[in-house]
Amino acid sequence: HLQANIVGISPSQPPDGQHGGCLELGELQRRLAGGQELARALRDAGRFTLARRPEPRGAAAAELAVVVATSGVRLCPAQGGGGCAGRCGRLHLCKYHLKGVCRNQRARKECKFVHNFHSEHNLCVLRQYGLENLSGDELRQLLLQNDPLLLPEVCLYYNKGDGPYGSCTYGKICTKLHICQYFLQGQCRFGSNCKRSHDFLNSECYEKLERQGMSSDTIKKLPTTYMNMYDIKNSERKHSSSQESSNTNDDELEQICLYHLYKNCLFKDKCIRVHFHLPYRWQIADGDTWKDLKNMEEIEEAYCDPSKTRNGITESGSVLPYICFQSMCSGLAKVRRLSTPSAVTRPPHFILTTEWIWHWKDEYGLWQEYGKMVSTWFRKTFAIQLREKFAEDLNLSPRQR
C-alpha cells in the first residue's frame with residue numbers, strides 16, 4: 001500500500017508543481033511518515049530509481065537527491081489488427097493518444113487502437129504492476145519516461161562537431177531531435193551559452209514533436225521526462241553492467257553502421273558503430289576478443305527460421321559444436337550477433353535495418369507470423385495435404401522419391 005502511494009505521488013505531484021515523474025527525496029520524506037519503511041520501499045529498483053542531480057538554485061558542486069518513478073509496464077507492439085491474442089501482459093493503447101494527440105480522434109475518425117487506460121485488458125495488466133489506482137495523466141508520464149520506444153531519438157551527430165547542425169548531414173530534414181543531449185541529462189556545463197539548443201519549443205523541434213503526436217502539455221514536460229529516462233537507464237546499466245540481453249543490439253557500440261553499408265559514413269575509422277559489409281555479423285568468443293564466424297550467412301538464414309533452434313559452425317574445414325540460438329553459446333563459448341538498428345527506431349525510408357518478426361506455433365506445430373491471419377480451413381487442408389504427400393513418399397522406392 002505504501003509503495004502504491006509513492007508511485008501515485010511521484011509522477012504527478014513534484015515539489016515545483018510543474019513537472020512530473022520524479023520527486024525530491026527530502027520532499028517525499030516530509031510527505032510520508034515512516035522513515036525505515038520508506039527506505040525499504042525505495043530499494044525496489046522495479047518501482048523507484050534514486051538519482052543525484054545538480055542543484056539548479058544552489059552552488060556549482062551542490063547535488064539534489066531525487067526519486068524517479070520506474071516501471072516495467074510497456075505498450076504491446078503487436079496490438080491492433082488481430083495481431084495479439086490478449087495474453088501479452090502489456091498495455092493495449094494508442095501510442096498517439098498516449099503522447100497527447102491522436103489524429104484519428106482529432107478528425108473524428110475511428111481509431112483501431114484503444115484510447116482507454118483502464119479498459120478491462122489494461123486494468124489486468126496495471127494490477128500486475130500495482131498501478132491500477134493511477135490516473136491517465138500519471139500513467140502517461142510513467143510510460144513516456146520508462147518505455148524506450150515512445151520518446152523521439154536525440155541526434156548524436158548534431159551533438160558533435162561545429163556549425164548550426166553539428167556533424168548532422170541531414171540538417172533541417174533530420175527526423176531526430178536537434179537538442180543538447182547533456183542538457184537532457186542535466187549535465188550541460190555551458191547553460192545559456194551552449195551552442196546546442198536547449199529549447200523544445202523552437203519551431204524545428206516543435207514541428208517534429210507535433211508530427212509524432214506530442215501535445216503541447218507533453219512537450220513542455222519533455223526536459224524532465226528525458227532527464228528521468230536517462231536516470232533510469234543509467235541505473236539499469238549500473239545494476240546489470242555485466243548482464244547480456246537482447247537489448248544490447250540497440251547499444252551504439254554494438255550496432256552495425258547503416259551509413260557504412262550505404263558507402264557514405266563520414267566518420268570512417270572514428271565512427272562509434274561497427275563497420276561491416278553485411279547488416280548482421282556472427283562472432284564467437286575467443287578469450288577476451290570476438291572472432292568472426294566463416295559461415296555466418298548460413299547461420300543467419302537458420303536464425304531467421306523460427307523452426308530452427310541451432311546451426312553448425314564451420315571453421316577451417318572442420319565442424320565445431322552447434323550454436324544454440326536460445327543460449328547463444330557454442331559448446332562452452334559464447335556467441336553473439338551484431339546487427340543494424342531496429343527498423344522501428346528509424347524512418348520508413350531507411351533500408352537494411354533489422355526487422356524483428358514475431359511468430360506463434362499453431363495447433364499443428366506450424367509457425368505462423370503474428371498479424372497474418374491464416375484460416376482454420378487452410379491450416380487443416382494444408383496439414384492433410386502434407387500427410388498425404390508424406391504417405392505417398394513412403395510408398396515410393398528410394399529411386400522414385
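Sequential numbering of the sequence shown, starting at 1, is according to full-length UniProt numbering.
Just so you know, even glycine gets a beta-carbon here, dropped at the ideal spot from N, CA and C.
In whole angstroms, give me the CA-to-CA distance for residue i and residue j.
| i | j | result |
| --- | --- | --- |
| A343 | F350 | 8 Å |
| S245 | N234 | For S245, the predicted structure reports a pLDDT of 43, less than 50, and the residue's modelled location is therefore unreliable. A value from the coordinates is still provided. Distance between the alpha carbons of S245 and N234 is about 16 Å. |
| V125 | C257 | 37 Å |
| W367 | R337 | 23 Å |
| V101 | H115 | 11 Å |
| L42 | R106 | 40 Å |
| C271 | T224 | 30 Å |
| F113 | D231 | 31 Å |
| L25 | E207 | 35 Å |
| I179 | N202 | 10 Å |
| M328 | V335 | 5 Å |
| V66 | S330 | 44 Å |
| K263 | Y226 | 33 Å |
Quick one: grab the DSSP three-state call for residue i.
| i | result |
| --- | --- |
| A45 | coil |
| T354 | strand |
| V73 | coil |
| G80 | coil |
| K268 | helix |
| Y280 | strand |
| G20 | coil |
| S241 | Caution applies to S241, whose pLDDT of 47 falls short of 50 and renders its modelled position unreliable; the value that the coordinates give is listed next. Looking at S241 - three-state DSSP - the assignment turns out to be coil, as it is neither helix nor strand. |
| H359 | strand |
| A85 | coil |
| L50 | strand |
| L131 | coil |
| L126 | helix |
Whose C-beta lies closer than 6 Å to the C-beta of residue i among residues of the same chain, with five residues either side of it excluded?
| i | result |
| --- | --- |
| I219 | F200, L209 |
| A61 | Bear in mind that a pLDDT of 49 at A61, under 50, signals an unreliable position, so the model cannot answer this. |
Within a Cβ cutoff of 7 Å, which residues of the same chain sit near residue i, ignoring the five residues on either side of it in sequence?
| i | result |
| --- | --- |
| N247 | The predicted model places N247 with a pLDDT of 46, which falls under 50 and marks its position as unreliable; any figure quoted below should be read in that light. Around N247: no qualifying Cβ. |
| L253 | I272 |
| H359 | P306, W367, Q368, E369, Y370 |
Residue j and residue i - do their beta-carbons sit closer together than 8 Å?
| i | j | result |
| --- | --- | --- |
| C84 | C76 | yes |
| A45 | L142 | no |
| L131 | S71 | yes |
| R53 | G186 | yes |
Consider the C-beta atom of residue i and the heavy atoms of the ligand NAD; say whether any pair is separated by less than 7 Å.
| i | result |
| --- | --- |
| C124 | Annotation note on the ligand NAD: not contained in the displayed structure, which lists no ligands. |
Looking only at its own chain, which residues have a Cβ that is under 8 Å from the Cβ of residue i, when we skip the five neighbours before and after it?
| i | result |
| --- | --- |
| Y280 | I256, M296, E300, R337, L338, S339, T340, T354 |
| C205 | L177, H178, I179, S197, D199 |
- Task: Kindly provide the ranges of any alpha helix (DSSP H) runs that are 4 or more residues long and lie completely inside the region 286-336, ordered along the chain.
- Result: 296-303
- 4-residue-minimum alpha helix (DSSP H) runs that sit fully inside the UniProt zinc finger region "C3H1-type" (93-118), ordered along the chain: 95-99, 103-106
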